[in-house]
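The structure under discussion appears below in the form of structure tokens.
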Amino acid sequence: GGTPCGIISAFPQQEGDAYRLVTFPPALMRRLIEDIPEQVCLHPTTFTRILHVVTLPYGRYGIGCTDAKQHPTMIRGRRPQDKNDDDTPKPACRSYFKMREAAETWPHIMEEVRPINGMESSGVMDCAVLDLGASPGGWSQWLLQHGVAQVVAVDPAAIAADVSVMPGFTHIRLKVEVAVERGLFAGFSFRLIVCDMNMHPEKAAEAINSIVPLLKPGAMLLLTLKMVRKGRNSANILEEQAREALKDLWTVEAVVQLFTNSKQERTLLAVLR
1 GGTPCGIISA FPQQEGDAYR LVTFPPALMR RLIEDIPEQV CLHPTTFTRI LHVVTLPYGR
61 YGIGCTDAKQ HPTMIRGRRP QDKNDDDTPK PACRSYFKMR EAAETWPHIM EEVRPINGME
121 SSGVMDCAVL DLGASPGGWS QWLLQHGVAQ VVAVDPAAIA ADVSVMPGFT HIRLKVEVAV
181 ERGLFAGFSF RLIVCDMNMH PEKAAEAINS IVPLLKPGAM LLLTLKMVRK GRNSANILEE
241 QAREALKDLW TVEAVVQLFT NSKQERTLLA VLR
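Position one of the sequence shown corresponds to residue 1 (full-length UniProt numbering), numbered consecutively onward.
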């Protein structure tokens, strides 16, 4: 029983404790912030604990507390604002961390695209990664820093300067359909497509299907689904539309919401049949 604020104020606190507040629905946060007693210190970035409050049926609430050291937001290198300990360039954008988390979630992705030591240049071309909707280059940057020898990025927009000069990086500054028409992928055979294009998931899937002839058998697809519609169950509807568009050529292995995805995104992993 009791109100959320009353329960929160009764939590045992130590000197220096600060909470990051996470609520569902998000609108609950404003009311809680206004009512939580002043002795409870709240801070969105410098915190020692994460406080979760969820609205439940019949006027009830679920409340939980997580130590900050156990929360993904506190893992070094997860956030673009984290500084590097060495001279490596700063991540080009938040998408860098999407690629990192995807590779940690599905390690076999990288096994397919890291060339074997001593591999001839033709073999390296066969291990290439195609990055669609690449600007400003976060996915390409992470891949090249972690063993991929060749990334072909396709996007009419500019790429971050630090990424554009990386060895093994090629930028085709066109839409993918134009690049295909002009034969600009000659010599490449891609084992992995990564796609973070900001478009309807069904349209993104159709664009990916158009370049299947450029892919190696068993190639993998890592696709960010952008939930461009709002409303009840819209995310599930959009996911199903993407699955339907891919089903004839791809086997979808997983669709998850990574920690690094926004609330309007999901990440899809598929394998070419």
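Quick reminder that beta carbons are idealized off the backbone N, C-alpha and C, glycines included.
Counting C-beta neighbours from all protein chains within 10 Å, is the total for residue i 16 or more, i.e. buried, or is it exposed?
i	result
Phe185	buried
Asn261	buried
Cys65	exposed
Gly6	exposed
Ala158	exposed
Ala204	buried
Thr267	buried
Asp248	exposed
His43	exposed
Arg94	exposed
His171	buried
Pro213	exposed
Arg20	buried
Val165	exposed
Thr45	exposed
Phe24	exposed
Ala134	buried
Pro156	exposed
For residue i, which three-state DSSP category applies?
i	result
Glu265	strand
Arg100	helix
Leu249	coil
Ala60	Sequence inspection shows Arg at residue 60; the Ala mentioned does not correspond to that position. Here Arg60 sits in strand by DSSP.
Trp106	coil
Gln141	helix
Cys5	helix
Glu112	coil
Arg30	helix
Arg243	helix
Give the DSSP bridge partners of residue i, in chain order.
i	result
Cys65	Leu51
Asp131	Ala153 and Val194
residue 287	The structure shown does not extend to residue 287, since the chain is modelled only from 1 to 273, so the question has no answer here.
Ala270	Leu221 and Val252
Leu42	Tyr19
Can a CB atom of chain D be found closer than 9 Å to the CB of residue i?
i	result
Ser210	In the displayed structure, chain D is absent; only one protein chain is listed.
Output the residue ranges of the alpha helix (DSSP H) runs that lie fully inside the stretch 155-241 and measure 4 residues or longer, sorted by chain position. Within the stretch 155-241, complete alpha helix (DSSP H) segments of at least 4 residues are found at 161-164, 176-181 and 201-209, given in chain order.
For the structure I just gave you, are there three or more beta carbon pairs, one from the stretch 25-35 and one from the stretch 50-70, closer than 8 Å? A contact between stretches requires three or more CB pairs, one per stretch, nearer than 8 Å, and the stretch 25-35 meets this requirement with the stretch 50-70.
Tell me, please, whether the stretch 58-70 touches the stretch 91-105 by the rule of three or more beta-carbon pairs shorter than 8 Å. Result no; under three Cβ-Cβ pairs closer than 8 Å.
Below 8 Å, how does it come out for the stretch 220-229 and the stretch 196-205: are there three or more Cβ pairs, yes or no? When Cβ pairs closer than 8 Å are counted between the two stretches, the stretch 220-229 is seen to touch the stretch 196-205, the count reaching three or more.
Stretch-stretch touch, CB-based, cutoff 8 Å, three pairs: the stretch 231-242 with the stretch 206-220: The answer is no - the stretch 206-220 does not touch the stretch 231-242, with fewer than three Cβ pairs under 8 Å.
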